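Colleague: Note that the numbering used here has the sequence shown beginning at 286, numbered continuously upward.
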Amino acid sequence: MTVYMVERGLKGISMEALGDAQKAAISKAAEMTSNGTDISYLRSTFAPEDGRCMCLFDAASDVDVKRLNDDAGLPYHRIVPALDLTP
């Protein structure tokens with residue numbers, strides 16, 4: 286499994302809509318996992334001043350992460366492998 290970072294531009298999003306997007310990512314990851322695609326939503330960081338949002342997923346491939354975001358209707362600029370440096 287590899288950690289992937291999904292970069293989003295969400296300038297002007299409400300906190301309610303941001304929470305709904307997070308719930309959609311979590312729900313879609315659980316659905317995909319129950320259907321045989323091992324993927325986990327890890328966490329997000331949001332900078333409200335400029336709308337940047339970085340979401341981390343643990344998955345076998347960037348294709349799985351792309352499918353999750355596309356199927357959940359979540360916008361993104363790019364998906365890249367990342368290092369999760371949580372202590």
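The C-beta atom is built at its ideal place from N, Cα and C for all residues, glycine as well. Predicted model only: the values in this text are computed from it and were never measured.
For Thr330, which residues does DSSP report across the bridge?
Modeller: The secondary-structure analysis by DSSP pairs Thr330 across a beta bridge with Met339.
Colleague: Specify the secondary structure class of Met290 as computed by DSSP and reduced to three states.
Modeller: In this structure, Met290 counts as strand in the three-state DSSP scheme.
Colleague: With DSSP as the reference, label Ile311 as helix, strand or coil.
Modeller: The answer is helix: DSSP assigns Ile311 an H, G or I state.
Colleague: Within this structure, are the beta carbons of Ile324 and Leu353 separated by less than 8 Å?
Modeller: yes
Colleague: What number of angstroms, rounded off, separates the C-alpha of Met339 from the C-alpha of Gln307?
Modeller: 11 Å
Colleague: Check each candidate in Arg337, Glu301 and Lys296 and name the one with the smallest Cα separation from Met290.
Modeller: Arg337
Colleague: Using DSSP with H/G/I as helix, E/B as strand and the rest coil, what is Ala344?
Modeller: Three-state DSSP puts Ala344 in a strand.
Colleague: Would you mind giving the Cβ-Cβ distance between Phe342 and Val350, rounded to the nearest angstrom? I have them listed as a contact below 8 Å.
Modeller: 5 Å
Colleague: Return the Cβ separation of Met286 and Ala344 in integer angstroms, given the expectation that the two are a contact with Cβ distance under 8 Å.
Modeller: 6 Å
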